[in-house]
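Visitor: When the letters of the sequence shown are read in order and numbered with this note's numbering, they come out as residues 26 to 340. Yeah, the Cβ is synthetic: ideal placement off N, Cα and C, and Gly gets one too. Right, I'll just put the structure down here and ask away after.
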Amino acid sequence: MIVSQRSKSATIWRRIVRTVGRVRAERACFRLGSLVVACLLSTGVPSRVAGQQSPPAAGPLGTASPSTIRAVGEAKRDKPFVNSLGMKFVPVSGTRVLFGIWETRVADFQAFVREAGYAWNSGGKRMPAGDQPVNFVSWQDAAAFCKWLSQKEGLDYRLPSDKEWDVAVGRDRYPWGNEFPPPPAAENLSGQESGLQHFIKGWRDNHRGIAPVGSYPANKSGLHDMGGNLQEWCDDWYDNGVYREHLAANKGGDRFGEDREKAIKSGNVFRVVRGGAWTSCIGPQASSGHRDAMKPGESNQFTGFRCVLVDPTRR
């Protein structure tokens, strides 16, 4: 009788222990779950809610494969790194980035618009297909493209800084050398072939308008169209320091209007735009030091962009 009573008491005690243990475990799980949610909220990672679609998978920075990272680090002028869109990048001495050897193409940007569902205002213009550089893109459009491409490939793509672009264009007065007009067909500018009101007299190139990327010789860094075809967005805000560089490169000439100068002085109004375009017809417009200024939301037929790729082996 005593043994039976002890056995019954032991059974009851084990049930109590199991119940207490389960309650403690549930409390621990609840606390852990709360901690995870708090961490997700603090890091900006969206939590999944019932009935909502999960965000599309994206490759965060640094998730590129070891072989891809090695290919970036081993890139040379005669052996560029080629990404999933076929964009080619070469290292530029004096920087920690690889420059796209040409301006971002229509095909590249259309892949972004299609895959990301990006709402792009192309100015109502029908974009040519293939290897022509994309225009009618604002700074915001260009930055969005770089962000998408970074997520797509797990690498760090962005717009070049003004100083990086300065190194890449070279130390000559113009991307092709020191003479103006340039040698025949050295750059896509406004020559007699353009049909424009203003053109370089006695000089011509091979295209009336925008040319496919790579149609003209590369500069000493292996980069095409640094002086013509399309102007190119840079990452920087246009401040007084940038404006001083612009004036110095053009020996005090090519000044902006008074209102524009006031806006530059106030700060964070314009972004830097470098290089010449297919409409450029005077030396300062195509000079290596030329720096135009545009608002981040502006776009036109003369402006595109070039990407740089941060070398993950040199951080």
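Classify C306 as helix, strand or coil using the three-state DSSP reduction.
Guide: It is coil, neither helix nor strand.
Visitor: Out of S291, P337 and S305, which one is the CA nearest neighbour of L214?
Guide: Per the Cα distances, S305.
Visitor: Quick check on P91: does DSSP put it in helix, strand or coil?
Guide: The answer is helix: DSSP assigns P91 an H, G or I state.
Visitor: Can you give me the Cβ contacts of R280 inside the same chain, cut-off strictly under 8 Å, excluding the 5 residues immediately before and after it?
Guide: Hits under 8 Å: L272 and E286.
Visitor: Report yes if the CB atom of Q256 is closer than 7 Å to the CB atom of V298, and no otherwise.
Guide: The answer is yes: Cβ separation under 7 Å.
Visitor: Take every Cβ of the segment 115-134, pair it with every Cβ of the segment 234-243, and state whether three or more of those distances are shorter than 8 Å.
Guide: At 8 Å Cβ cutoff, the stretches touch.
Visitor: Give the single residue among L180, A167, S163 and A132 whose Cα lies nearest to the Cα of P337.
Guide: Out of L180, A167, S163 and A132, L180 has the C-alpha closest to the C-alpha of P337.
Visitor: Taking just the CA atoms, how far does W173 sit from G58?
Guide: Residue confidence is low: G58 scores 38 on pLDDT, short of 50, so the model does not pin down where it sits. Its coordinate-derived value is still stated next. In a straight line, the C-alpha of G58 is about 31 Å away from that of W173.
Visitor: Using alpha carbons as the reference points, say which of Y199, P321, V131 and W258 lies closest to T328.
Guide: Considering only alpha carbons, the answer is W258.
Visitor: Whole angstroms is fine: what's the gap from G195's alpha carbon to M251's?
Guide: Using only the alpha carbons, I get a separation of about 10 Å.
Visitor: Give a yes or no on contact between the segment 194-211 and the segment 299-318, applying the rule of three or more CB pairs nearer than 8 Å.
Guide: Verdict: yes, contact present.
Visitor: Just to confirm before moving on: does the CB-CB distance between R139 and D156 stay below 7 Å?
Guide: In this structure, D156 does not lie closer than 7 Å to R139 by Cβ.
Visitor: Is the beta carbon of I225 closer than 7 Å to that of G216?
Guide: Cβ atoms of G216 and I225: closer than 7 Å.
Visitor: Please report how far the alpha carbon of G247 lies from the alpha carbon of P321, in whole angstroms.
Guide: Straight-line Cα distance between these residues: approximately 28 Å.
Visitor: Any idea if P209 is buried or exposed, counting beta-carbon neighbours within 10 angstroms, 16 or more meaning buried?
Guide: Classification of P209: exposed, given that the 10 Å Cβ count is below 16.
Visitor: In chain order, what residues of the same chain lie with their CB nearer than 6 Å to the CB of P185, ignoring the 5 residues before and after it?
Guide: Closer than 6 Å at the Cβ level, and outside the excluded window around P185, lie C259 and V333.
Visitor: Is the Cβ-Cβ distance between V117 and A167 less than 7 Å?
Guide: No, Cβ-Cβ distance for V117 and A167 is not below 7 Å.
Visitor: I think V97 touches P105, with their Cβ atoms under 8 Å apart; what is that distance to the nearest whole Å?
Guide: No, V97 and P105 are not in contact; Cβ-Cβ is about 10 Å, not under 8 Å.
Visitor: Within its chain, find whatever has a CB closer than 7 Å to the CB of L66; leave out the 5 residues flanking it on each side and keep chain order.
Guide: Here the model assigns L66 a pLDDT of 31, short of 50, so the residue's position is not dependable, and the following value carries that caveat. Closer than 7 Å at the Cβ level, and outside the excluded window around L66, lies no residue.
Visitor: Do you know how far the Cα of D317 is from the Cα of F170?
Guide: Roughly 22 Å separates the two Cα atoms.
Visitor: Give the range of the beta strand (DSSP E) segment to which V335 is assigned.
Guide: Unbroken beta strand (DSSP E) run through V335: V333 to V335.
Visitor: So within the segment 257-322, which uninterrupted alpha helix (DSSP H) runs reach at least 4 residues, ignoring any that extend past its ends?
Guide: Segments of the alpha helix (DSSP H) lying fully in the segment 257-322: 265-274, 283-291 and 308-311.
Visitor: Using the Cα positions of I148 and F161, report the straight-line distance between them to the nearest angstrom.
Guide: Per the sequence shown, residue 148 should be read as Gly rather than Ile. Rounded to the nearest angstrom, the two C-alpha atoms are 6 Å apart.
Visitor: Tell me which residue opens and which closes the alpha helix (DSSP H) that K177 is part of.
Guide: W164 to E178 is the span of the alpha helix (DSSP H), which, as asked, contains K177.
Visitor: Excluding five sequence neighbours on each side, which residues of the same chain lie with their C-beta closer than 8 Å to the C-beta of A100?
Guide: Excluding residues within five positions, the ones whose Cβ falls inside 8 Å are F106, F114, V115, P116 and L123.
Visitor: Roughly how many whole angstroms lie between the Cα atoms of Y263 and G278?
Guide: Cα-Cα distance, rounded: 18 Å.
Visitor: Relative to the C-alpha of D290, which candidate in K276, N265 and W303 has its C-alpha closest?
Guide: Going by the sequence as given, residue 290 is Lys instead of Asp. Minimum Cα distance to K290 is reached at N265.
Visitor: When burial is assigned at 16 or more other CB atoms within 10 Å of the CB, is G300 buried or exposed?
Guide: Label assigned to G300: buried.
Visitor: Within the continuous alpha helix (DSSP H) that includes V131, where are the two ends?
Guide: Note, V131: alpha helix (DSSP H), V131 to A141.
Visitor: Within the continuous alpha helix (DSSP H) that includes K113, where are the two ends?
Guide: Unbroken run through K113 is the beta strand (DSSP E), K113 to P116; no alpha helix (DSSP H).
Visitor: What does the Cβ neighbour count give for S324, buried or exposed, with the cut at 16 atoms within 10 Å?
Guide: S324 comes out buried.
Visitor: Taking the beta strand (DSSP E) that V122 falls in, what are its first and last residues?
Guide: First-last of the beta strand (DSSP E) with V122: V122 to G125.
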